[in-house]
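Counting along the sequence shown from 1, when you hit position 236 you're at 216 in the numbering used here, and nothing is skipped either side.
What follows is a single structure, written as structure tokens, with notes after it.
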Amino acid sequence: MADKMTSILKKIVEKRKLRIDEAQRERPEALLSAMLSQRPMIRNFGAGLHQNAQKPAAIMAEIKRRSPSKGELNPDLNPASLAKAYEKGGAAALSVLTEPDFFGGSLEDMQAARSATLLPVLRKDFIFTPYQVLESAAMGADAILLIARILDPKRHKELANLASELGLTVLHEIHGEEEIFQTLDAGARFVGINNRDLATFETDIRLAPRMASLLPKGVIAVALSGIRGPEDIAVSRHLGVHSFLVGESLVRSPDPEKDLKAMVESGVLP
């Protein structure tokens, strides 16, 4: 396990280890492997993400019940209903939190959201074991998140390779320049740049464009965290980032479909 984690990340990962032990007893790897033959057809997660200034913004819309920093976000959240609103609003993909203790998520939330739409779904969780990758595929995810900060380079590459073997797309999350090489060495095609510093929870929406400029051509950058509305999308697009993950502002919105449409249409360059 990487030694660069903040205290909150350490708490989340330690709790996740206990949950994984429980899951392995309930659903052993042999059962998950058998379930793969029944998994739904994989949807192309990366198809809607892009770096094209002339296209509408590519937005991965997130389903998240709560967060460690903000607490409960939407006590009445219905994953299927919200997923349908996101699809109507023009989402390129869905991101669903499945971490239960700090974010209130579940694999059932992910499955409900996926079943309600035709959109590809990212399992957003703290994944650091091969079991979790296999579990993601068996339970119907189209893509997974791998966070560089909680993985050493060897494990990062191992999990990315396993995901590829299972037909899963990987969104690799970074925050600092020092994580770029590790991520590229793991074969990254999609890099999520977290605008939020997980050590301080401070957010800088200009971080993603700065980091994106350091990525090689052909690697698609996705801005994560801190995107509150069309204005933030427009700022990032004018600085060269055209794919985004938006969560809290949409989850809290009384009209997520309308708000998402406004974000998708924001910042299209002539």
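The C-beta atom is built at its ideal place from N, Cα and C for all residues, glycine as well.
Item: Buried/exposed call for Glu88, threshold 16 Cβ in 10 Å; Value: exposed
Item: Cβ pair Met40, Ser75 closer than 8 angstroms; Value: yes
Item: Host beta strand (DSSP E) of Ala143 (start-end); Value: Taken as a continuous stretch (DSSP letters only), Ala143 belongs to no beta strand (DSSP E), being part of the alpha helix (DSSP H) at Pro133 to Glu145.
Item: Gly147 versus Lys104 - alpha carbon distance; Value: 17 angstroms
Item: Extent of the continuous beta strand (DSSP E) to which Leu12 belongs; Value: Not the beta strand (DSSP E): Leu12 falls in the alpha helix (DSSP H), residues Glu9 to Met15.
Item: Check whether Pro100 and Leu142 have beta carbons under 8 angstroms apart; Value: no
Item: Between the CA atoms of Gly156 and Asp177 - distance to the nearest angstrom; Value: 9 angstroms
Item: Short CB-CB distance (under 8 angstroms) between Asp239 and chain D; Value: Of the protein chains in the structure, only one exists, and it is not chain D.
Item: Whole runs of the alpha helix (DSSP H) within the stretch 0 to 59, excluding any shorter than 4 residues; Value: 9 to 15
Item: Straight-line Cα distance separating Leu194 from Val248; Value: 23 angstroms
Item: Euclidean distance between Cα positions of Glu211 and Arg(-4); Value: 36 angstroms
Item: Bounding residues of the alpha helix (DSSP H) (the contiguous stretch that carries His218); Value: Pro210 to His218
Item: Span of the beta strand (DSSP E) around Leu126; Value: Ala123 to Ile127
Item: Secondary structure of Ser233, DSSP reduced to three states; Value: coil
Item: Cβ distance (whole Å) where Leu29 is taken to contact Ile200 below 8 angstroms; Value: 5 angstroms
Item: CB contact flag (Ile207, Ile173, <8 angstroms); Value: no
Item: For Thr149 and Gly26, the rounded distance between their alpha carbons; Value: 7 angstroms
Item: Cβ pair count under 8 angstroms reaching 3, the stretch 50 to 65 against the stretch 122 to 137; Value: no
Item: Within 8 angstroms, strictly: CB atoms of Ile107 and Leu151; Value: no
Item: Nearest candidate by alpha-carbon position, reference Pro20, set Gly120, Pro80 and Asp165; Value: Gly120
Item: Candidates Val202, Val(-7), Ala71 and Asp239: closest to Asn175 by CA position; Value: Val202
Item: Gly198, buried or exposed, once every other Cβ within 10 Å from all chains shown has been counted against 16; Value: exposed
Item: Best match in Arg94, Ala242 and Asp56 for proximity to Ile213 [C-alpha to C-alpha]; Value: Ala242
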